[in-house]
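Position one of the sequence shown corresponds to residue 214 (this note's numbering), numbered consecutively onward.
Positions of the beta carbon are idealized from the N, C-alpha and C atoms, including for glycine.
Here the structure comes first, spelled out in structure tokens, and everything after it is commentary.
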Amino acid sequence: MLPDVQPRGSHFIGGAYVDAPGGGEITSLYPATGEVIARVHAATSATVDQAVDAALEAQRAWGRKSGAERGRVLRRAADLLRDRNRALSQLETMDTGKPISETLVADAASGADCLDYFGGLAASIAGEQIDLGGSFAYTRREPLGVVGAIGAWNYPIQIACWKAAPALACGNAVVFKPSELTPLSALHLAEILLEAGLPPGVFNVVQGRGETGRVLVEHPGIAKISLTGSVPTGKAVMAAAGAGIKHVTMELGGKSPLIVFDDADLDSAVGGAMLGNFYSAGQICSNGTRVFVQRRVYAAFLDRLTRRTDAIRLGDPLDQATQMGPLISEQQRVKVLSYIEAGRQEGARLVIGGEAPSLPGFEKGSFVRPTIFADVQDGMRIAREEIFGPVMSVLVFDHEDEVVERANDTEFGLAAGVFTKDIQRAHRTIANLQAGTCWINAYNLTPVEVPFGGVKRSGVGRENSRAAIDHYTRLKSVYVEMGDVDAPF
Ligand code: NDP
Numbered sequence: 214m215l216p217d218v219q220p221r222g223s224h225f226i227g228g229a230y231v232d233a234p235g236g237g238e239i240t241s242l243y244p245a246t247g248e249v250i251a252r253v254h255a256a257t258s259a260t261v262d263q264a265v266d267a268a269l270e271a272q273r274a275w276g277r278k279s280g281a282e283r284g285r286v287l288r289r290a291a292d293l294l295r296d297r298n299r300a301l302s303q304l305e306t307m308d309t310g311k312p313i314s315e316t317l318v319a320d321a322a323s324g325a326d327c328l329d330y331f332g333g334l335a336a337s338i339a340g341e342q343i344d345l346g347g348s349f350a351y352t353r354r355e356p357l358g359v360v361g362a363i364g365a366w367n368y369p370i371q372i373a374c375w376k377a378a379p380a381l382a383c384g385n386a387v388v389f390k391p392s393e394l395t396p397l398s399a400l401h402l403a404e405i406l407l408e409a410g411l412p413p414g415v416f417n418v419v420q421g422r423g424e425t426g427r428v429l430v431e432h433p434g435i436a437k438i439s440l441t442g443s444v445p446t447g448k449a450v451m452a453a454a455g456a457g458i459k460h461v462t463m464e465l466g467g468k469s470p471l472i473v474f475d476d477a478d479l480d481s482a483v484g485g486a487m488l489g490n491f492y493s494a495g496q497i498c499s500n501g502t503r504v505f506v507q508r509r510v511y512a513a514f515l516d517r518l519t520r521r522t523d524a525i526r527l528g529d530p531l532d533q534a535t536q537m538g539p540l541i542s543e544q545q546r547v548k549v550l551s552y553i554e555a556g557r558q559e560g561a562r563l564v565i566g567g568e569a570p571s572l573p574g575f576e577k578g579s580f581v582r583p584t585i586f587a588d589v590q591d592g593m594r595i596a597r598e599e600i601f602g603p604v605m606s607v608l609v610f611d612h613e614d615e616v617v618e619r620a621n622d623t624e625f626g627l628a629a630g631v632f633t634k635d636i637q638r639a640h641r642t643i644a645n646l647q648a649g650t651c652w653i654n655a656y657n658l659t660p661v662e663v664p665f666g667g668v669k670r671s672g673v674g675r676e677n678s679r680a681a682i683d684h685y686t687r688l689k690s691v692y693v694e695m696g697d698v699d700a701p702f
């Protein structure tokens, strides 16, 4: 029997739950069984108006508070998230299907780190003073206003925090739209922020599908859009934001390379490749789904990788021993299986996995076994397109220049990784890779202190770190004349 996770209302606006049935029903399913766990309604444009109006009103006072005051609220919210980590993790597991062994450490916990970090930073957000030889100028770092934030379904509460924490620290208000597939945890974040002392209306949640997102993006009261989603959605959202000359942060998809040189510690490289392909059942934007392995260690790498992959425990996401849960939905499973079929058709060598198991008690769950293709060629669809599932492509290479060129031959540029013990080669290779977020002898670690984001079609702007402050504030320049005005008229 699953716990009751039905929220008290669909939306959270002005500090309270709001329901407005006009927008059609959204059902949240537990991906492990297909059971309906909650029902909410999509926001109509009238509901989006209500949320933006509440945010505009609340932002005026919030933006005038000192950074120290704002920071205290965010840090209190971080503590509350940590206190409730187990319940929030269970909720996230039910909404996403990700195993509880992951959600306990990676979701609300990462959100809490982000709130803590930006809570600590809030008091030091400042402009600068510029000496002009007598006269001077200074800059004010001001909030943008109301931020429209739109999330994907793979890390719902983490994405909400990664957007809300810097936005709120800088004095903005937020209207957040979660993915229709994972509507629940953002409502809990809204409750927690309110309890921590955030004034009503500063953080609001509206539910909905892409259409609600579109209404939010086009709303004249919104100053900035921060989206986490796919490249096609990013293009549509950026174009709509462009029509209103709005600021944007775009965290989009990827097909990132992970390069294993023949001097690498092979066990670490295998671990990195598994982390970068199978965590969250492969539904991570920065995954290193093209694993390039130097010829001399190719066979040994594949051998160790296959043995360790064979031991991954699929099953009940709420059982702490489970290492991989189902995909988010049946639709996603169909998509992933069609890529596996494409890999077979195009002649890649299926080393392990490839099938959708029927697990006892979870026959309706959208599971796919961790899958490895070897001897993958650069032109194959599985090596070019984002699959967003547990499907790793392993490719062989001979030379550094060759692998860098092949790694960069993609429209994406979110992330990249290199495994080698040669420090000069490590830094040289990373410098030559077209990617926003890189790792040397590691993969997919994203501490809040480090900027995160992509280049090329993978995105614009950066989340986390001090860099995020630039994306949630605008500069006002103020010239101060200390002498008389000498007009030529
Ligand atoms: P989508 O692009 O389908 O959706 C992202 C969000 O945008 C959802 O909330 C969606 O609503 C909404 N949306 C869809 N169309 C529009 C529109 N026209 N205007 C405004 N909003 C819209 O992505 P997924 O949810 O399927 O997430 C997977 C994708 O996200 C992958 O490509 C992945 O790489 C990327 N991603 C990127 C990350 C990064 O940081 N770079 C991190 C995590 C994921 P709804 O879903 O309700 O239709």
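Backbone CA spacing between residue i and residue j [nearest angstrom]
{"i": "Val218", "j": "Ser690", "result": "49 Å"}
{"i": "Phe514", "j": "Leu658", "result": "22 Å"}
{"i": "Gly528", "j": "Gln536", "result": "8 Å"}
{"i": "Gly340", "j": "Asp683", "result": "11 Å"}
{"i": "Lys459", "j": "Val510", "result": "49 Å"}
{"i": "Ser648", "j": "Leu563", "result": "This sequence places Ala at residue 648; Ser is not what is there. Their backbone Cα atoms lie some 28 Å apart in a straight line."}
{"i": "Gly447", "j": "Gly674", "result": "13 Å"}
{"i": "Ala452", "j": "Leu357", "result": "19 Å"}
{"i": "Pro470", "j": "Thr623", "result": "10 Å"}
{"i": "Ser337", "j": "Arg354", "result": "11 Å"}
{"i": "Pro413", "j": "Leu406", "result": "9 Å"}
{"i": "Glu598", "j": "Tyr552", "result": "9 Å"}
{"i": "Asp329", "j": "Arg295", "result": "11 Å"}
{"i": "Thr395", "j": "Tyr243", "result": "10 Å"}
{"i": "Asn367", "j": "Ser323", "result": "13 Å"}
{"i": "Leu549", "j": "Pro539", "result": "Sequence inspection shows Val at residue 549; the Leu mentioned does not correspond to that position. Their Cα atoms are separated by approximately 12 Å."}
{"i": "Gly556", "j": "Ser606", "result": "9 Å"}
{"i": "Val253", "j": "Tyr230", "result": "11 Å"}
{"i": "Ala524", "j": "Gln533", "result": "16 Å"}
{"i": "Val318", "j": "Val461", "result": "29 Å"}
{"i": "Gly592", "j": "Ile497", "result": "22 Å"}
{"i": "Cys374", "j": "Cys327", "result": "7 Å"}
{"i": "Gln558", "j": "Gly567", "result": "13 Å"}
Residues that residue i bridges to, as DSSP identifies them
{"i": "Tyr492", "result": "Looking at the DSSP assignment, Tyr492 forms no beta bridge with any residue, so it has no partner."}
{"i": "Ala386", "result": "Val359"}
{"i": "Leu242", "result": "Val249"}
{"i": "Tyr692", "result": "Ala350"}
{"i": "Arg687", "result": "Glu355"}
{"i": "Glu424", "result": "For Glu424, which the question treats as bridged, DSSP gives no partner whatsoever."}
{"i": "Ser439", "result": "Ala362, Thr462"}
{"i": "Ala229", "result": "Ile226"}
{"i": "Arg562", "result": "Ala587"}
Residue i Cβ short of 6 Å to the ligand NDP heavy atom set
{"i": "Glu315", "result": "no"}
{"i": "Cys498", "result": "yes"}
{"i": "Val231", "result": "no"}
{"i": "Arg427", "result": "yes"}
{"i": "Val430", "result": "yes"}
{"i": "Val673", "result": "no"}
{"i": "Glu543", "result": "no"}
{"i": "Gly466", "result": "yes"}
{"i": "Asn367", "result": "yes"}
{"i": "Glu598", "result": "no"}
{"i": "Val450", "result": "yes"}
{"i": "Gly442", "result": "yes"}
{"i": "Ile438", "result": "no"}
{"i": "Gly333", "result": "no"}
{"i": "Glu393", "result": "yes"}
{"i": "Ile363", "result": "yes"}
{"i": "Thr446", "result": "yes"}
{"i": "Gly501", "result": "no"}
{"i": "Arg252", "result": "no"}
{"i": "Gly423", "result": "yes"}
Cβ-Cβ separation, residue j to residue i (assumed contact under 8 Å), whole Å
{"i": "Val415", "j": "Ala271", "result": "5 Å"}
{"i": "Ala382", "j": "Gly332", "result": "7 Å"}
{"i": "Gly489", "j": "Tyr656", "result": "4 Å"}
{"i": "Trp652", "j": "Gly666", "result": "With a Cβ gap of about 15 Å, Trp652 and Gly666 do not count as contacting."}
{"i": "Ser705", "j": "Gln420", "result": "The shown model of the chain, from 214 to 702, leaves out residue 705, and the question about it has no answer."}
{"i": "Val581", "j": "Pro603", "result": "6 Å"}
{"i": "Thr257", "j": "Ala233", "result": "6 Å"}
{"i": "Gly578", "j": "Thr246", "result": "6 Å"}
{"i": "Gly434", "j": "Val359", "result": "6 Å"}
Short CB-CB distance (under 7 Å) between residue i and chain D
{"i": "Val668", "result": "No chain D appears in the structure shown, which is made up of a single protein chain."}
4 or more residues per run - each alpha helix (DSSP H) lying fully within the stretch 321-379: 321-334
Every unbroken beta strand (DSSP E) within the stretch 606-681, with a cutoff of 3 residues, ordered by chain: Every unbroken stretch of the beta strand (DSSP E) spanning 3 or more residues and falling wholly within the stretch 606-681 is given here in chain order: 628-632, 650-653.
Which residue spans inside the stretch 468-553 form an unbroken beta strand (DSSP E) run of at least 3? 470-473, 503-507
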